[in-house]
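The structure under discussion appears below in the form of structure tokens.
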Amino acid sequence: MAFKRDKKEEEDGGGNIFLNLEKTSVLQEARTFNETPVNPRKCTIILSKILYLINQGEQLGTTEATETFFAMTKLFQSRDVILRRMVYLGIKELSSLAEDVIIVTSSLTKDMTGKEDLYRAAAIRALCSITDGSMLQAIERYMKQAIVDRNAAVSSAALVSSLHMTRIAGDVVKRWVNEAQEALISDNVMVQYHALGVLYHIRKSDRLAVTKLVTKLTRSPLKSPFAVCLLIRIVCKLLEEEGDVALSESPLFDFVEKCLRHKSETVIYEAAHAVVNLRRTTPRELAPAVSVLQLFCSSPKPALRFAAVRTLNKVAMSHPAAVTACNLDLENLISDSNRSIATLAITTLLKTGAESSVDRLMKQISTFVSEISDEFKVVVVQAIRALCLKFPRKHGVLMNFLSAMLRDEGGLEYKASIADTIISIIEENPDAKETGLAHLCEFIEDCEHTSLAVRILHLLGKEGPRTKQPSRYIRFIYNRVILESAVVRCAAVAAMAQFGASCPDLLPNILVLLARCQMDCDDETRDRATFYYHILSGDQPQFIYHYIVDHLQVSIPSLERALTQYVANPTPEQFDISTVPVSAPEPTNVPEKGHGTVDIANPVAVQPETPAKAAESYAVKLASIPELAPLPGSLFRSSDPVQLTESETEYVVKCIKHCFSDHLILQFNILNTLSDTLLESIGVTLEEPEGYEILKEVACPKLSCGETGSVYVLLKFPEDLSLSVSTFGATLKFVVKDCDPTTGEPDTDEGYHDTYMLEDLDVLLSDQVVRVMKGNWGAAWEQAEGESFFELEDTYVLTSVTSLEQAIQNIVVFLGMQPAERTDRLPQGKSAHTLLLAGMFRGGHDVLVRAKLALAEGVTMQITVRAPSQEIAELITSALG
Numbered sequence: 001m002a003f004k005r006d007k008k009e010e011e012d013g014g015g016n017i018f019l020n021l022e023k024t025s026v027l028q029e030a031r032t033f034n035e036t037p038v039n040p041r042k043c044t045i046i047l048s049k050i051l052y053l054i055n056q057g058e059q060l061g062t063t064e065a066t067e068t069f070f071a072m073t074k075l076f077q078s079r080d081v082i083l084r085r086m087v088y089l090g091i092k093e094l095s096s097l098a099e100d101v102i103i104v105t106s107s108l109t110k111d112m113t114g115k116e117d118l119y120r121a122a123a124i125r126a127l128c129s130i131t132d133g134s135m136l137q138a139i140e141r142y143m144k145q146a147i148v149d150r151n152a153a154v155s156s157a158a159l160v161s162s163l164h165m166t167r168i169a170g171d172v173v174k175r176w177v178n179e180a181q182e183a184l185i186s187d188n189v190m191v192q193y194h195a196l197g198v199l200y201h202i203r204k205s206d207r208l209a210v211t212k213l214v215t216k217l218t219r220s221p222l223k224s225p226f227a228v229c230l231l232i233r234i235v236c237k238l239l240e241e242e243g244d245v246a247l248s249e250s251p252l253f254d255f256v257e258k259c260l261r262h263k264s265e266t267v268i269y270e271a272a273h274a275v276v277n278l279r280r281t282t283p284r285e286l287a288p289a290v291s292v293l294q295l296f297c298s299s300p301k302p303a304l305r306f307a308a309v310r311t312l313n314k315v316a317m318s319h320p321a322a323v324t325a326c327n328l329d330l331e332n333l334i335s336d337s338n339r340s341i342a343t344l345a346i347t348t349l350l351k352t353g354a355e356s357s358v359d360r361l362m363k364q365i366s367t368f369v370s371e372i373s374d375e376f377k378v379v380v381v382q383a384i385r386a387l388c389l390k391f392p393r394k395h396g397v398l399m400n401f402l403s404a405m406l407r408d409e410g411g412l413e414y415k416a417s418i419a420d421t422i423i424s425i426i427e428e429n430p431d432a433k434e435t436g437l438a439h440l441c442e443f444i445e446d447c448e449h450t451s452l453a454v455r456i457l458h459l460l461g462k463e464g465p466r467t468k469q470p471s472r473y474i475r476f477i478y479n480r481v482i483l484e485s486a487v488v489r490c491a492a493v494a495a496m497a498q499f500g501a502s503c504p505d506l507l508p509n510i511l512v513l514l515a516r517c518q519m520d521c522d523d524e525t526r527d528r529a530t531f532y533y534h535i536l537s538g539d540q541p542q543f544i545y546h547y548i549v550d551h552l553q554v555s556i557p558s559l560e561r562a563l564t565q566y567v568a569n570p571t572p573e574q575f576d577i578s579t580v581p582v583s584a585p586e587p588t589n590v591p592e593k594g595h596g597t598v599d600i601a602n603p604v605a606v607q608p609e610t611p612a613k614a615a616e617s618y619a620v621k622l623a624s625i626p627e628l629a630p631l632p633g634s635l636f637r638s639s640d641p642v643q644l645t646e647s648e649t650e651y652v653v654k655c656i657k658h659c660f661s662d663h664l665i666l667q668f669n670i671l672n673t674l675s676d677t678l679l680e681s682i683g684v685t686l687e688e689p690e691g692y693e694i695l696k697e698v699a700c701p702k703l704s705c706g707e708t709g710s711v712y713v714l715l716k717f718p719e720d721l722s723l724s725v726s727t728f729g730a731t732l733k734f735v736v737k738d739c740d741p742t743t744g745e746p747d748t749d750e751g752y753h754d755t756y757m758l759e760d761l762d763v764l765l766s767d768q769v770v771r772v773m774k775g776n777w778g779a780a781w782e783q784a785e786g787e788s789f790f791e792l793e794d795t796y797v798l799t800s801v802t803s804l805e806q807a808i809q810n811i812v813v814f815l816g817m818q819p820a821e822r823t824d825r826l827p828q829g830k831s832a833h834t835l836l837l838a839g840m841f842r843g844g845h846d847v848l849v850r851a852k853l854a855l856a857e858g859v860t861m862q863i864t865v866r867a868p869s870q871e872i873a874e875l876i877t878s879a880l881g
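By the UniProt record's numbering, the letter at position 221 of the sequence shown is numbered 221, and the numbering carries on one by one without gaps.
Here you go:
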């Protein structure tokens with residue numbers, strides 16, 4: 001009986017005891033806080049319930065939070081240690097919700113400076129969570145004392161709180177640098193780590209100060225392995241900013257290499273990880289790091305084995321030859337009891353192994369692929385994608401494996417990664433197109449993910465009409481109209497229209513199917529079917545091309561803003577959609593998930609901003625500047641920032657070129673790195689090239705140390721297009737005032753005028769062109785043949801390049817256009833190639849370029865340009881001359 005009773009108690013007590021809490025009842029229980037004497041055990045449980053609700057996303061109103069907060073302050077009369085620490089947590093959580101929280105400042109200050117070490121660290125964290133910039137000076141003396149306290153927990157709490165306070169009162173925290181320096185020599189590993197973090201944040205805007213700090217610490221080794229890891233990250237950030245200096249010549253890189261022989265495994269791995277992730281690492285510099293990771297592969301610790309093989313997996317993407325030496329160790333890990341390690345080992349071998357080993361490795365993966373999580377299945381899929389690009393002839397084996405994985409159970413991200421891989425194989429390998437489309441057709445028969453079905457239907461509409469038997473895909477597409485949701489039915493109708501536009505022999509059957517779709521129960525499906533039916537039955541090729549084959553590629557946020565402005569300020573002229581900027585294709589070299597850059601201040605992956613988002617943010621920012629309003633039309637294109645000074649100089653200047661239809665705005669971003677200098681009335685003097693006219697300049701009023709400000713110059717493009725590609729001389733002008741480095745306040749009200757020479761700024765053809773994706777470049781080329789387009793042809797010898805690959809890359813960069821039909825990829829062994837490009841010149845003018853390249857002693861290029869005006873065609877041909 002005793003056994004049964006214990007089992008029943010276990011069943012009753014299992015699970016989450018706070019699962020069914022109600023906010024109202026818990027807040028009523030909080031009235032217990034007002035009772036005298038305080039019941040520590042009961043109050044601790046109630047506080048736990050409140051914190052649980054808040055952390056589960058329960059919203060407390062301001063009144064509720066304030067009442068609870070003030071009731072909680074009554075608990076300071078209890079001396080119970082557990083309850084007191086729960087009160088500190090409650091203060092931190094409710095400080096952003098309740099009003100008048102500063103009432104507990106005196107109680108927290110008393111605990112912070114008291115003799116009870118168990119209270120002090122938690123009191124510091126709670127106090128800093130309710131303190132604003134104006135109150136911080138009142139506790140500054142106590143914070144300085146806490147930073148150098150003999151108790152490591154108190155010192156760490158003060159340092160971490162200082163780090164958080166830099167967001168609201170950075171100038172005050174800067175005055176604590178001496179105390180942080182003293183904490184840096186602490187024997188406690190966490191205190192030293194947190195002290196280095198504070199010192200870096202105080203100085204991170206001053207490159208010279210950071211360099212001095214790093215130089216000092218690399219010469220005198222730190223005791224804390226965590227601090228050394230942070231130092232390695234700071235060193236790598238400096239190495240990335242050094243530019244073109246070879247890593248082997250840098251003393252900073254010598255420090256990172258020295259860390260590969262550190263006694264701490266954590267530091268060794270951090271150093272190896274840092275080396276393999278530096279952008280300028282050569283195979284020679286990579287070798288020591290790979291050797292260390294190879295040793296970790298045979299470690300008895302699973303965490304080390306996992307870290308090593310995961311990092312080697314990344315290295316294999318960019319330097320597969322460097323990982324080949326580890327193949328034997330990786331082979332041994334295939335049978336590892338940890339399936340995550342085994343998966344990473346096999347996928348790494350897939351990237352580094354020979355073509356003959358593919359079949360064997362795929363069989364080994366299939367034995368346990370069902371046992372691993374979706375996250376690691378995605379890693380397998382990414383390895384197969386790289387393998388298909390490396391060994392195109394193996395696409396049959398790999399596609400069959402992917403097809404089997406598609407039929408297995410899995411979430412959206414996992415299935416999307418497989419579909420993306422099959423799509424990329426189809427786009428890269430023409431021989432795999434029909435096999436891949438067949439697998440995708442089978443998949444959408446049972447696909448439960450709407451977004452995936454829509455994407456695959458779009459691909460079928462794009463690639464299906466170009467296959468040997470286009471009609472075989474019509475059945476799969478029409479099945480979606482009969483069986484699927486409204487969103488999928490709309491996509492299926494659009495895909496069928498693509499077949500009707502590109503395959504004349506299928507047009508009668510497509511029209512019958514579209515006529516049936518006009519009776520659909522969904523409005524948008526009926527509208528699409530009716531629209532496409534009338535376009536296809538009208539026998540007008542230009543309409544078919546513009547409304548079906550060549551999709552509208554405008555930026556949706558820009559279109560919305562332009563329509564809003566047009567409705568708010570109506571004009572007699574009709575709305576011109578050509579004035580709306582197009583949405584440029586996304587770059588194909590965006591880092592994979594989890595492989596973005598790492599910010600020292602917030603060590604999480606930071607994904608790069610897409611061109612569409614960047615352009616929209618620039619447009620909003622420019623529209624908010626009163627001096628530039630109203631803007632001259634819609635923003636057409638914004639360039640990447642151009643460096644006009646060295647990164648180590650006292651004033652760092654970058655320029656962004658904002659191109660409009662007839663105007664150019666130059667945005668000069670200026671960073672003041674001098675701690676004892678205040679700049680005022682900052683402007684830029686330009687030497688105008690022929691044809692350009694400066695209309696307006698917006699100066700920057702003031703720049704303190706570490707601040708970045710912007711100067712804007714509005715210019716009008718030359719009437720003669722050939723003069724638009726020019727070079728500007730630029731000089732920075734400003735008023736200098738000496739100031740106190742600590743407070744930033746100027747010593748006197750008077751300053752002196754000064755100038756600073758900048759690098760010349762080039763306005764290029766690529767600054768005036770945006771990339772445009774043409775789904776059917778051949779049809780677009782035929783449409784551009786006629787009276788409305790001018791054709792210009794010329795032949796050049798490209799003396800500065802020695803290979804077709806280099807020629808293709810340079811042409812794409814110079815012209816700033818989008819390669820079509822994957823012609824920017826040169827097939828192996830070819831000595832002649834045709835590059836097809838599409839773009840749009842400012843003002844909304846479509847431009848197409850065909851460049852025929854031949855390799856002899858140099859590279860000979862015959863370029864043909866079709867553009868709506870002869871001036872544009874001449875400008876484009878001359879850009880490569």
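Glycine included, each C-beta is placed from N, C-alpha and C at the ideal position.
Practice prompt. Give the secondary structure of Pro-608 by DSSP, where H, G and I count as helix, E and B as strand, and everything else as coil.
Written response: Confidence in Pro-608 is poor, its pLDDT being 43 and thus under 50, which makes the residue's placement too unreliable to answer from.
Item to complete: Alpha carbon to alpha carbon, how far is Glu-745 from Ile-268? Give it in angstroms, no decimals.
Response: One C-alpha to the other measures close to 45 angstroms.
Worksheet item: Which class does Arg-637 belong to by DSSP, given the choice of helix, strand or coil?
Response: Residue state, collapsed to three classes: strand.
Worksheet item: For Leu-761, which three-state DSSP category applies?
Response: Residue state, collapsed to three classes: strand.
Worksheet item: Could you give the distance in angstroms between the alpha-carbon of Ser-634 and the alpha-carbon of Tyr-545?
Response: Approximately 26 angstroms, taken between the alpha carbons.
Worksheet item: Going by C-alpha distance, which of Val-189, Phe-401, Arg-455, Pro-827 is nearest Val-223?
Response: Residue identity differs from the one stated: residue 223 is Lys in this sequence, not Val. Nearest of Val-189, Phe-401, Arg-455, Pro-827 to Lys-223, Cα basis: Val-189.
Worksheet entry | Beta-carbon contacts of Leu-695 that lie in its chain and below 7 angstroms, excluding the five residues immediately before and after | In the same chain as Leu-695, and ignoring 5 residues on each side of it, the C-beta atoms closer than 7 angstroms to its own belong to Leu-714, Leu-715, Lys-716, in chain order.
Worksheet item: What's the call for Glu-270, buried or exposed, on a 16-neighbour Cβ count within 10 Å?
Response: By the neighbour-count criterion, in which 16 or more other beta carbons inside 10 Å mark a residue as buried, Glu-270 falls on the buried side.
Fill in: Those residues which DSSP pairs with Asn-332 across a bridge
Looking at the DSSP assignment, Asn-332 forms no beta bridge with any residue, so it has no partner.
Discussion item. Are the CB atoms of Arg-866 and Phe-789 within a distance shorter than 7 angstroms?
Written reply: For the pair Phe-789 and Arg-866, the CB atoms are nearer than the 7 angstroms cut-off.
Discussion item. Along the chain, where does the beta strand (DSSP E) containing Val-235 start, and where does it finish?
Written reply: For Val-235, no beta strand (DSSP E) segment is defined; the enclosing uninterrupted segment is the alpha helix (DSSP H) at 225-241.
Discussion item. Does the segment 504-511 come into contact with the segment 483-494, if we say contact requires no fewer than three beta-carbon pairs (one atom in each stretch) closer than 8 angstroms?
Written reply: In short, these stretches do not touch, since the Cβ pair count stays below three.
Fill in: Residue closest to Thr-755, alpha-carbon to alpha-carbon, out of Ala-820, Ala-856, Asp-720, Glu-650
The candidate whose alpha carbon is nearest that of Thr-755 is Glu-650.
Worksheet item: For Asp-149, which three-state DSSP category applies?
Response: In the structure shown, Asp-149 sits in coil (DSSP, three-state: anything other than H, G, I, E or B).
Worksheet item: Beta-carbon separation of Phe-668 and Cys-659 under 7 angstroms?
Response: No, they are not a contact pair.
Practice prompt. Can you give me the Cβ contacts of Asp-149 inside the same chain, cut-off strictly under 6 angstroms, excluding the 5 residues immediately before and after it?
Written response: Closer than 6 angstroms at Cβ, skipping near neighbours: Ser-155.
Worksheet item: With Arg-385 and Phe-636 assumed to form a contact (beta carbons below 8 angstroms), what rounded beta-carbon distance in angstroms separates them?
Response: Incorrect: roughly 35 angstroms between the Cβ atoms, too far for contact.
Worksheet item: Among the residues of its own chain, which have a CB less than 8 angstroms from the CB of Val-379, if the five just before and after it don't count?
Response: Within the same chain, Cβ atoms closer than 8 angstroms to the Cβ of Val-379 are found at Asn-313, Thr-343, Leu-344, Thr-347, the five residues on either side in sequence being excluded.
Practice prompt. With DSSP collapsed to three states, give me the class of Ala-2.
Written response: Its pLDDT being 39, under 50, Ala-2 is placed unreliably by the model, and the measurement read from it follows with that caveat. Correct three-state label for Ala-2: helix.
Fill in: C-alpha distance - Asn-602 paired with Ser-161, whole-angstrom precision
Unreliable placement is indicated for Asn-602, whose pLDDT of 37 sits below 50; the coordinate value is still reported in the next sentence. In this structure, the CA atom of Asn-602 is about 15 angstroms from the CA atom of Ser-161.
Worksheet item: Excluding five sequence neighbours on each side, which residues of the same chain lie with their C-beta closer than 6 angstroms to the C-beta of Gly-816?
Response: Closer than 6 angstroms at Cβ, skipping near neighbours: Ser-766, Val-769.
Fill in: CA nearest to the CA of Leu-671, picked from Ser-661, Val-711, His-663
Checked all of Ser-661, Val-711, His-663; the closest Cα to Leu-671 is Val-711.
Practice prompt. Quick one: grab the DSSP three-state call for Ile-185.
Written response: Coil.
Worksheet entry | Unbroken beta strand (DSSP E) run spanning His-449, endpoints | Careful: His-449 lies outside any beta strand (DSSP E) and carries neither H nor E.
Discussion item. Suppose you measure from the CA of Glu-871 to the CA of Thr-727; what does that come to, to the nearest Å?
Written reply: As the crow flies, the alpha-carbon of Glu-871 is around 20 angstroms from that of Thr-727.
Fill in: Contact belief for Met-399 with Ile-422 at Cβ below 8 angstroms, rounded distance in angstroms
Your pair Met-399 and Ile-422 checks out as a contact, with CB atoms roughly 7 angstroms apart and the cut at 8 angstroms.
Worksheet item: Is it right to say Asp-171 is buried, meaning 16 or more other beta carbons lie within 10 angstroms of its own, or is it exposed?
Response: Around the beta carbon of Asp-171, a 10 Å sphere encloses fewer than 16 other beta carbons of the protein chains shown; the residue is thus reported as exposed.
Item to complete: Use the C-beta contact count for Glu-560: other C-beta atoms within 10 angstroms, 16 or more gives buried, fewer gives exposed.
Response: Answer is exposed; the Cβ neighbour count stays below 16.
Item to complete: Please work out which residues of its chain come closer than 7 angstroms, Cβ to Cβ, to Tyr-414, disregarding the five sequence neighbours upstream and downstream, and give them in chain order.
Response: Only Asp-374, Lys-377, Val-378 meet the Cβ criterion.
Worksheet entry | Whole-angstrom C-beta distance between Leu-387 and Leu-350, which should lie under 8 angstroms | Confirmed, Cβ separation roughly 5 angstroms.
Practice prompt. Mind checking which residues open and close the alpha helix (DSSP H) that includes Glu-573?
Written response: Glu-573 -> no alpha helix (DSSP H), and no H or E assigned at all.
Practice prompt. Compute the distance between the beta-carbons of Asp-794 and Thr-877, then report whether it is under 7 angstroms.
Written response: Yes, the Cβ-Cβ distance between Asp-794 and Thr-877 is below 7 angstroms.
Practice prompt. Go to Lys-654, then tell me how far its beta strand (DSSP E) extends in each direction, as first and last residue.
Written response: Its beta strand (DSSP E) spans residues 651-659.
Worksheet item: Of all the options Asp-329, Leu-361, Phe-306, which has the alpha carbon lying nearest to the alpha carbon of Asn-338?
Response: Taking only the C-alpha atoms, the option nearest Asn-338 is Phe-306.
Fill in: DSSP three-state assignment for Met-861, whether helix, strand or coil
Here Met-861 carries a strand assignment [DSSP, helix/strand/coil].
Item to complete: Would you please state the rounded distance, in angstroms, between the beta carbons of Ser-661 and Cys-705? I believe it to be under 8 angstroms.
Response: Incorrect: roughly 39 angstroms between the Cβ atoms, too far for contact.
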